[in-house]
Structures are given as structure tokens and as C-alpha cells.
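One structure below.
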Amino acid sequence: MDATERALVQTLSLHGPPRDFLESASVLFNSTLADLVHDSSDPVEVLLLKQDLLQLQDRLAALADHAWLNRHVYGHLASLQDKVRARLTALGQSQHQDNIRHGIQAITDVLNVLRFDLDHHHVPVWPVSVFIGSAIVCLSCSALFHLLYVVGPAVYAVMSRLDYSGISILISGSFVPVQYYGFYCHDTLRWFYLTTTLVLATLTFAMAMMPFFAKEKFLVLRTCTFISFGCFGAVPVVHMALLRGFHDDQVQVIL
Numbered sequence: 019m020d021a022t023e024r025a026l027v028q029t030l031s032l033h034g035p036p037r038d039f040l041e042s043a044s045v046l047f048n049s050t051l052a053d054l055v056h057d058s059s060d061p062v063e064v065l066l067l068k069q070d071l072l073q074l075q076d077r078l079a080a081l082a083d084h085a086w087l088n089r090h091v092y093g094h095l096a097s098l099q100d101k102v103r104a105r106l107t108a109l110g111q112s113q114h115q116d117n118i119r120h121g122i123q124a125i126t127d128v129l130n131v132l133r134f135d136l137d138h139h140h141v142p143v144w145p146v147s148v149f150i151g152s153a154i155v156c157l158s159c160s161a162l163f164h165l166l167y168v169v170g171p172a173v174y175a176v177m178s179r180l181d182y183s184g185i186s187i188l189i190s191g192s193f194v195p196v197q198y199y200g201f202y203c204h205d206t207l208r209w210f211y212l213t214t215t216l217v218l219a220t221l222t223f224a225m226a227m228m229p230f231f232a233k234e235k236f237l238v239l240r241t242c243t244f245i246s247f248g249c250f251g252a253v254p255v256v257h258m259a260l261l262r263g264f265h266d267d268q269v270q271v272i273l
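As C-alpha cells, then:
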């Protein structure tokens, strides 16, 4: 195990997304497998070791595509670590070369880091809070409108604009969880869609609150604006389906 691979084990960050850890483990795993097969002299044990390592390699690659399912990733990593530990014990009892034990120990170290990170990796819940808060604001505005609009024409005009603004808040708030969790492993896309939603929500809210656009002649424009804003929510979902595939587990959960 050379200095570069050891440094990789020691410098893995404990604050990155699970996908990065799995990919780092796969890189180290490939080089370790090559070293073990090249340096060892026991063909039977090497064959068994290679079979185990190849199985672990395949499972790590599969986990990289489903790292967002934290509990599933944790279960797989626990199983992989147990298998590596069992193989390490068997090789230690057989008095094999030190490079084999060190190689498997390096893999175990990486899996330990991965498990620690996943165990302490908490997915933010604020997008769900934003969605719930937007629903509360929308329903409150609607309740105020239907309760007070009969007071008089002036009150009706204000409450009507408030009702429309509540709808714009609900539309934007309902987009946040889908965009945040849907592009959880794609920072650029996630913040692009969240920023775009914020800009469109601000424009729609401003239009809803301005008395100028509350006139009858702007009814069609106001209606089309809200419909267009609502339809925009399908754009990141379609993008996600094209990026991951329509039958991807995460896409199916969001749909």
C-alpha cells in the first residue's frame, strides 16, 4: 500500500455526500486489488480473496447510484465490512504476507470511515418545513379572503390580492422539496432550480400584490402567469427523469 493510498484513507472528509465516499472507496479498492493479486504467492487463498473483493467492488459500484438511500447504504456497508473482517481473520490465521493483511486493512479503514459518515450524515429537513409553511400561509390568506371580502369593495380588493399572493407562495414552496432532494447529489442543478424558483416566485408575488395588475383587463395575463409558474414545476422533474431514468427509485418516489 503506497503513500498515496494511505493518504487517501487518512484525508477522507467527514462532511461530504455519501456518493463521494463510495467513489473514493472504489478508487482505493481497485488499486488495492491489483496489489494483492500481484504480490501474493498462495493461489487458493488469492482466488478466494479475489472473488470476495470482486463481489465487494461490484456492490460498491451499485451503491454509488443509490447513495441517497442512507439506511440501505448503511446496511450494505455493514455487510461488506463483516465480509472483509472475516477474510482478514482467515488470512491472518494462515500467516499470509503482510501486504495482504495491510491491503484488506486499508479497505476496512475506508469502510469504517464510510460507515461513520453515513451514520452521522443527516439530510436537512428545512425543505419540508418550507413546503408546510407555504401551505399554512396560503390557507391563511385564503381564509382571510373568504372571511372578509364581503366587508366592502376596498377590503375585497386587498384580500383578493392577498389570496393570489398566498397561491404563489404555495406553488413555490411545493417546488422546494422536489428540487432540493431530487438533485441532492448535483449541487449546481439543485441551486440553479431553487434560485430560478425564487426569482419566478418573487415576480409572481409582486404581480399578485400590485393593484395595477388586479384590473379586469389583466385577468388573462395574471391567470397565465400562475399557470406557467405551476407548469414550471414539471421541468426539474423531467430533467431528473432524463438524468437518472424514468424507472430510477428516486424519480419514482418523487413522482
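Residues 19 to 273 in the working numbering are what the sequence shown lists, from first letter to last. All C-beta atoms, glycine included, are put in the ideal place defined by N, C-alpha and C. Note that this is a predicted model, so its numbers are computed, not measured.
Can you round the beta-carbon distance between residue i and residue j to whole angstroms, since I take them to be within the 8 Å contact cut?
i    : j    : result
D181 : F193 : In fact, because the Cβ distance is near 20 Å, the residues do not count as touching under 8 Å.
V196 : V255 : 7 Å
Y211 : F201 : 7 Å
I187 : V155 : 5 Å
F247 : I189 : 6 Å
S178 : Y167 : 7 Å
Which stretch, first to last residue, makes up the alpha helix (DSSP H) that contains residue i?
i    : result
M10  : Limits of the chain in this structure are 19 at one end and 273 at the other, which puts residue 10 out of reach.
A226 : 205-227
H164 : 144-166
F230 : It is not in any alpha helix (DSSP H) - F230 carries neither H nor E in the DSSP assignment.
F193 : 171-200
D267 : 267-272
Beta carbon of residue i: closer than 7 Å to some heavy atom of the ligand ATP?
i    : result
F247 : As for the ligand ATP, it is missing from this structure, which has no ligand bound.
Please classify residue i as buried or exposed, where buried requires at least 16 neighbouring CB atoms within 10 angstroms.
i    : result
M225 : buried
G263 : exposed
Q270 : exposed
T243 : buried
M228 : exposed
S31  : Only weak support is given to the placement of S31: the predicted model assigns it a pLDDT of 36, under 50, and the question is left unresolved by the model.
S183 : buried
S147 : exposed
I149 : Checking the displayed sequence, the identity of residue 149 turns out to be Phe instead of Ile. By the neighbour-count rule (16 or more Cβ atoms within 10 Å), F149 is buried.
A252 : exposed
T241 : exposed
P145 : buried
T215 : buried
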